[in-house]
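Novice: Pasting in a structure now, in structure tokens, and then I'll have a few things to ask.
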Amino acid sequence: MTAVIIVEPATAETVERLVRACSVESLAWRFTLPGRPDPEWVLVRYRAFLLAGTALVAKIGDAPVGLVNLVPDGDGRAELGVLVADAWHRRGIASTLVRRLVEDPCRAGWTLHASVRIGNAAAEGLLRAHGFGPVPAFERGEKEFERVLPTSMTGVMKEVVGGGIGEAGAGADGVQRRAAAADTGRRRYGPAGRGGPRERAAGLAAALLPRR
């Protein structure tokens, strides 16, 4: 039987349960932390960031299995982030969450962007399946992806006919992001903090998880 995915606003309680369902390896990669960070330590330090921006949680039954954040970082521009519990990788959770955001008519004309670590084919697949295309990257070891959302249903149909949007396949369950900032008229990226956790509010709010 196909599991029913329910998407609803994230709460402190659902975020806590989701983080505790992630492996220490996944949390270390997510937050660029050394060693094996304890989930409780991660929650103490980063709880507020995981609720920032538009934060939606995916649930299977009563269990939170995924989280998406969309954090504005400029005029009509926002950064996308996804976190999926290890046991629910490759189940279409990330795709469901991303689709909910990109199909929201309230964001027509917005530019969404995200970053992935080089070699993260699953993350690239997720972004490409939802109409994101590569753009020049400013951080070594990462790729940048961006999508401008259509401003009308006519634009949506053009994208579908032209192949700009596809169905996300199994395995596209995460995206690795970096700290970013933007100002009007140009991109301006701040340092991601090589070798240490990325602690800027805009950076950690978009909780993107790379594949293991």
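The C-terminal residue of the sequence shown carries number 212 in UniProt numbering, and the numbering is unbroken.
A virtual CB, placed ideally from N, CA and C, is assigned to each residue, including glycine.
Just to confirm the assignment, what range does the beta strand (DSSP E) spanning G74 have?
Specialist: 63-74
Novice: F145 and P134: beta carbons closer than 7 angstroms?
Specialist: yes
Novice: Using only alpha-carbon positions, find the residue among L18, P9, T2, A12 that is nearest to A87.
Specialist: L18
Novice: Quick check on DSSP: helix, strand or coil for M18?
Specialist: Note that residue 18 corresponds to Leu in the displayed sequence, not to Met. Three-state DSSP puts L18 in a helix.
Novice: By the three-class DSSP mapping on this structure, what secondary structure does T111 have?
Specialist: strand
Novice: Between the Cα of S23 and those of E142, P37, A52, spot the shortest distance and give me the residue it belongs to.
Specialist: P37
Novice: Go to G81, then tell me how far its beta strand (DSSP E) extends in each direction, as first and last residue.
Specialist: 77-84
Novice: Between the Cα of L97 and those of E16, A21, H130, spot the shortest distance and give me the residue it belongs to.
Specialist: H130
Novice: Report the rounded CA-to-CA distance for R99 versus R117, giving the unit in angstroms.
Specialist: 22 angstroms
Novice: Just reading off the beta strand (DSSP E) that R100 is part of, what are its end residues?
Specialist: Looking at the DSSP string, R100 is not in any beta strand (DSSP E); the run it does join, the alpha helix (DSSP H), is 93-102.
Novice: Give the DSSP-derived three-state secondary structure of L50 in the structure shown.
Specialist: helix
Novice: Could you pull out every residue in the same chain whose Cβ sits closer than 8 angstroms to the Cβ of W110, ignoring the five residues on either side in sequence?
Specialist: G76, R77, A78, V148, L149
Novice: Cα-Cα, which of V65, R47, P9 is closest to L101?
Specialist: P9
Novice: Who are P136's beta bridge partners in DSSP?
Specialist: DSSP output for P136 lists no bridge partner at all.
Novice: DSSP three-state label for V4, please.
Specialist: coil
Novice: Looking at the unbroken beta strand (DSSP E) that takes in R147, where does it start and where does it end?
Specialist: Here the beta strand (DSSP E) through R147 covers 142-148.
Novice: Does DSSP classify E13 as helix, strand or coil?
Specialist: helix
Novice: Could you tell me if D104 is buried or exposed, where buried requires 16 or more neighbouring beta carbons within 10 angstroms of its beta carbon?
Specialist: exposed
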